Structures are given as C-alpha cells and as structure tokens.
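What follows is a set of notes on a single structure, which appears directly below.
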Amino acid sequence: MPIMFSKPILKALFFCLLFSSSLTAQLHNQGALISIKSGAMLSVQGDLENAGAIDNSDTIHLSGDFIQNHPSNQGFSSINEGWLFLDGGQQAIRGNFPSRFHYLVLAGSDHKTASAQASFVTGQLRLNEWELALDSQRLEILSAAPNALQTGQNGQYGFISSSGPGGLIRKMDRPAPYLFALGGTDNGLRLFRPILIQPQANDSSQVWASYWAGDAGQYGLDRQQKELELCLLNPLYSHAINREAGSSPLQISFYSDPNTEGQFEQLAQWSNGWTHLEELQNQLPSFAGLQSLTLDSLLSNWSDSLFILAQKSPELTLEAAPAPYCDNAEILLSETLGLYNNYELYINGQPWASNSTSSFSPQLSPGQYQLQLLGQNAACGRWSDSLLIEVFAAPQLQLNNDTLIVEGSSIPLAANGADFYSWSPSLDIDCDICPQTIAQPSSSGYIQLLGESMEGCSSLDSFYVELRPRVEDILFIPNVITPNNDGQNDFWVIQNIQLFPKNKLRILNRWGDLVYRADFYNNNWQGEFANGPLPAGTYYYILDLGEGWGVFKGPITIIRQ
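As numbered in mature numbering (1 follows the signal peptide of the UniProt record, and there is no 0), residues -25 to -1, 1 to 536 make up the sequence shown, in order.
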C-alpha cells in the first residue's frame, strides 16, 4: 500500500527506516510507492533509496545520498514536476540504475557526486556554488530550454566535473546561448571553466561536453605534437566536445581566467596532432573574473573532438621597400616587430637565407617571385603572408668610351638601351635628355648618363674625357704599317682620329700620284690601291683635321714580308 504525504511539512518520515551500525538513517521504499502531493514537503535526514517508485509533485529535502536501485523505474515517476534539494554535506547520487529528476538543486554545505549509471534532468538543474562530480557517468538535461542549467550563488559558480566518458549532455532547439557549466579542481584550486554553445538555427541538436583536468598528454594527446603556429597549450585542462545530434552551425565560446592560467587567444583542436582553429575574438565576460573567447568560424559537423586553449605565435609581417624592383639593385625586406630568434626567407618556396635578424636584401633576376618569411622561437613559429613581387630588367646602357679631346673642342655623345636619358654635367651638353647630342667639356672629368626604363628601373654609367691643350697631345700618327694579315699593325691606325669627324686624308706615292683618299678617315686603310696591295715602300700623307684644327704631313712606310 503506497504512503501518501499531503501535510505541509513531514519531517524525517519513512516508509521503512533503517539504522546502520553508525546510526545513519535511511528511507527505503522497498518496492512500494512514495507519493508527495502538491503543497507537501518531505525532509529526509539521511539516505533515500528507491527500489519502487516516488511520485513527487512538490518538494523533497535530502541530507544524505539518493540511491536508485529499481531496474525500470528511474526514481521519480511524476511528469514535469517535483523538486529534489540535496541539502547535506558531501552527497552522492548513486545506485545500480539510471536516475531521473525534474528539478534538481545542489544545496547544503559541500560538493556532490553522481555515480549512478546515468542521471537525467527533465526540467532544471541548479548547481548554485557546488561541484557535481560525475566521474565516468553521464548527466543529461532533457529540457531544451536555454535556462535548464543554472549556476552561481554566494559569489561562486558551481560546475560539473567528470573523467573518462563522463560528461554533460544538453539538448538545444533554438538560436540562444546554452551553458555547459564545466570545471574541475587543480591542487585545491576550483576552476570554473564553462563553455557556451549557441545554435544558429531552429534545429534540434544534442552536444556532449566534458572538462578534462590536467595536461592533455596524460590522455595520449602529446602537447608537443602541434602546428608551428601554436606556442603554449593550456597545461591545466581541455574540453572534450561531441556533437551527438543535429547539423546546423554552432557558435562556441570558451572561458578562461588570465590571472590564473595566463593569456590565451587561440583555440586548438586535436586531429592526429593539435591544429589551430580560426582566430578567436574576445567577448564581454558573462562570468565574473573570466574572459570569453569565441570562435570566428562556426562549427557544423564534428564528433569526439578535444579542444584546448593555446597561445599563438607572435604576428609576422614581411614588408618590402616600395617598388619598382630592378635586377641591378637589392630588394630591402624586413619584419619590423622582431619577436623571433631566427628568420628564414623563402623565395618561390625554396630557402634563400636565414638570419638572427629580420632583414634580408636579395638581388633577383627579372621575373615574378613569391616571398615568404618564416620566424621561429624555441616553442613555435609562424609563416608570414606571401608577398608577390615582379622584378624588371634595368637598362643596359651603351655610351662612349673614355677619350681625349683638345681644349675647346666638342665630342658627340651617343647612347642607347634605355627609354629616358639624363646627361650630366648638363651645362656642358647641348641636350641633356637626348640619347644623341654634343658635349663641349670645360675641363677634364666624367660625363655621366642616367638611363631609366618605362618600369622605373634606372642605370648609371659614365666615361672619362681628358682635355689636352694641343692637337699634337692627342693625335698619334704611326709612320709604318705591316699589312700581312697577321693581326698586328695591318691597318694604319691614327689614335683619336674619331675626335675629328671633318678630317680629310690624302696619300701620295713618291712621284706625287694620289693612291688613297678618304673624307673622315676611320682607321681602315691597309696599304691598298684600286683594290690591290701597294708595293712596299715609303709614301706620304696629308691629313687635314678640318674645322681649323690643322694639317699634318709626313711619311708612311709599307713593309711587306
């Protein structure tokens, strides 16, 4: 026959009250029904063991353990009603079978444990300031209401801890933040480290999450097996998250305390090694003393993933001097922050040079190049973004050779190889931007030419002009040639004759007959007349330099062997 409680307060009542040797009280229904009607309250100063059924339409206050030992009835048979307050010190939800509650409230003076096969909450779980340790058990909140899990009281946040496969399961059906109040204890320090999961659509989802205390390496996930960009991985804890139902995108926020564990601004996920996820953004904290990190990207489909907060490697930006880039000049590359111990420059994917400083000066042939900088410290490193550049050919200038001229004379200038020209010193030059022009130097020195291409590359070249006071100081007229085609002295070469473009040359034999003549002689006579060789002997030249520079006469001897 069932026991019916309908009075406002029934304290320390029992269906079967048992006492152990330590005088611990226990209420045990032994297969019968305990029914608490609306408006009634049952207070149990000891354990409550269910081996039958409990129909709770109002409130039960329990100072001891709740023990579920009925194979089919999961504790409370009432639908969508009934409060259970765990009011004692260290209390446990235990037994050989799953336990089901509608409203479960952690109260009293100490943390609680749940070691039953599984626990279900159909309405709301209020942790207040207490820890609920699941060990390897699962606690499932069946209500999809965002506020079905509550935490916080007396300046402290309660949390759910677990180990192994244990964890919290929540159902979600709307675009609202769902709290997973997770945490653990590290050397006596309570670490409340929740996550918030917010669906982005009205879609039924179910997520299991668990706080894994300590270094991830103890679970076989080596913290050193990570991407280059990840520096320090949080050594205190990580979060295991598994999506058990649904496919719509989920936004996940992780919480940490920079004063306790340091500053973390990156999230890593285990996938045969720790890989970084998209950048995290700091949001306004929802819990006192904690800062939240929210994924920029939304996670849709994944299963059995371990997430850990990480410190990412310092920023690295490769900068180049302003264009144009030319093959005759070094390209100044630098990284201004200088936060790494070693830098390596890669050009088109191949290592070019390494340095302890972040400056490089490659000189490259014409073409397109992809430049990338790798910075490394002892724990981590980072690749810069690729820098694409194009190198152009600088002008290949061709201009006069070094020369001698008589004071007061001019010299023709001729250059090519560029698109734009600039001669200097400009006072001595008729047209200082023309490729062909005339110079009349006032003193010995260099004449310089700056040539520039359409792409903006430039080259600088020069030649030396030496001024002599007399023509005789410039001209050298040899008096012998040996035109035997041995490559030596085959032509009559008058040194610097090209400086007198108006010259006229006449060569006579000893009878006064003209055997050779040339206007603007260019060192090309080799002792011939009428397409045939002249006989060996002495001849006479008359060289008029033109423009009033004088007339030179003398013998020229042809020697043939």
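Glycine included, C-beta positions come from ideal geometry on N, C-alpha and C. It should be emphasised that the depicted structure is a prediction, and the values quoted were computed from it without experimental measurement.
Using alpha carbons as the reference points, say which of the options lies closest to residue i.
| i | options | result |
| --- | --- | --- |
| aspartate 197 | Asn234, Gln181, Gly237 and Gly248 | Gly248 |
| leucine 109 | Gly189, Ser185 and Pro46 | Ser185 |
| isoleucine 35 | Ser47, Asn48, Ile482 and Ser53 | Ser53 |
| leucine 154 | Asp161, Gly163, Ile144 and Tyr321 | Ile144 |
| threonine 292 | Ile306, Pro73, Asn303 and Thr311 | Thr311 |
| leucine 114 | Val440, Arg357, Ser136 and Asn129 | Ser136 |
| aspartate 232 | Asn471, Pro73, Ser275 and Ala263 | Ala263 |
| asparagine 352 | Asn330, Tyr421, Ser361 and Gln343 | Asn330 |
| leucine 157 | Phe229, Gln181 and Pro121 | Phe229 |
| glutamate 24 | Trp58, Ile116 and Ile68 | Ile68 |
| serine 13 | Tyr132, Ala304 and Asn55 | Asn55 |
| glutamine 226 | Gln241, Ala191 and Ser275 | Ser275 |
What are the partner residues of residue i, as DSSP defines its beta bridges?
| i | result |
| --- | --- |
| histidine 77 | Histidine 77 pairs with nothing; no bridge assigned. |
| arginine 108 | The sequence shown places alanine at residue 108, not arginine. The partner list for alanine 108 (beta bridge, DSSP) reads Thr88 and Ser136. |
| aspartate 448 | In the DSSP output, where bridge partners are listed per residue, aspartate 448 has none listed. |
| proline 387 | Ile413 |
| methionine 16 | Thr34 |
| valine 440 | Thr378 and Gly420 |
| lysine 201 | Trp249 |
| threonine 513 | Thr532 |
| valine 366 | Tyr300 and Gly342 |
| glutamate 503 | Pro508 |
| asparagine 227 | For the record, residue 227 in the displayed sequence is isoleucine; it is not asparagine. For isoleucine 227, which the question treats as bridged, DSSP gives the partners Ile172. |
Tell me whether residue i sits in a helix, a strand or coil according to DSSP, three-state version.
| i | result |
| --- | --- |
| asparagine 122 | helix |
| glycine 525 | coil |
| asparagine 234 | helix |
| alanine 493 | strand |
| isoleucine 54 | coil |
| alanine 298 | coil |
| alanine 243 | strand |
| alanine 7 | coil |
| glycine 63 | coil |
| glycine 192 | helix |
| glutamine 43 | strand |
| serine 401 | helix |
| leucine 273 | coil |
| isoleucine 472 | helix |
Can you give me the start and stop residues for the beta strand (DSSP E) that residue i sits inside?
| i | result |
| --- | --- |
| asparagine 317 | 317 to 322 |
| proline 326 | 325 to 330 |
| glycine 83 | It is not in any beta strand (DSSP E) - glycine 83 carries neither H nor E in the DSSP assignment. |
| glutamine 173 | 170 to 174 |
| threonine 250 | 249 to 251 |
| glycine 98 | 93 to 101 |
| methionine 147 | 142 to 147 |
| threonine 160 | 158 to 161 |
| arginine 485 | Neither: arginine 485 is in no beta strand (DSSP E) and is coded neither H nor E. |
| cysteine 206 | 205 to 208 |
| tryptophan 358 | 356 to 358 |
Only counting the same chain, and skipping five residues up and downstream in sequence, which positions put a Cβ closer than 8 Å to that of residue i?
| i | result |
| --- | --- |
| glutamine 411 | Pro387, Leu388, Ala389 and Ala390 |
| serine 444 | Here the sequence assigns proline to residue 444, which means serine is not the residue at that position. Excluding positions up to five away in sequence, the list reads Val381 and Glu382. |
| threonine 160 | Glu106, Ser136, Leu166 and Ala188 |
| glutamine 238 | Gln286 |
| asparagine 376 | Phe438 |
| glycine 39 | Thr(-2), Ala(-1), Gln1, Val19, Gln20, Gly21, Asp22, Leu23, Gly63 and Gln66 |
Quick one: what's got a C-beta closer than 6 Å to residue i's C-beta in the same chain, skipping five residues either side?
| i | result |
| --- | --- |
| phenylalanine 395 | Glu427 |
| valine 80 | Phe60 and Arg101 |
| proline 458 | Asp465, Gln501 and Gly502 |
| aspartate 405 | Thr412 and Ile413 |
Tell me which residues share the same chain as residue i and place their Cβ nearer than 7 Å to its Cβ, disregarding the 5 neighbours each side in the sequence.
| i | result |
| --- | --- |
| glycine 70 | Ile42, Gln43, Asn44 and Ala91 |
| glutamate 204 | His251, Lys287, Ser288, Cys355 and Arg357 |
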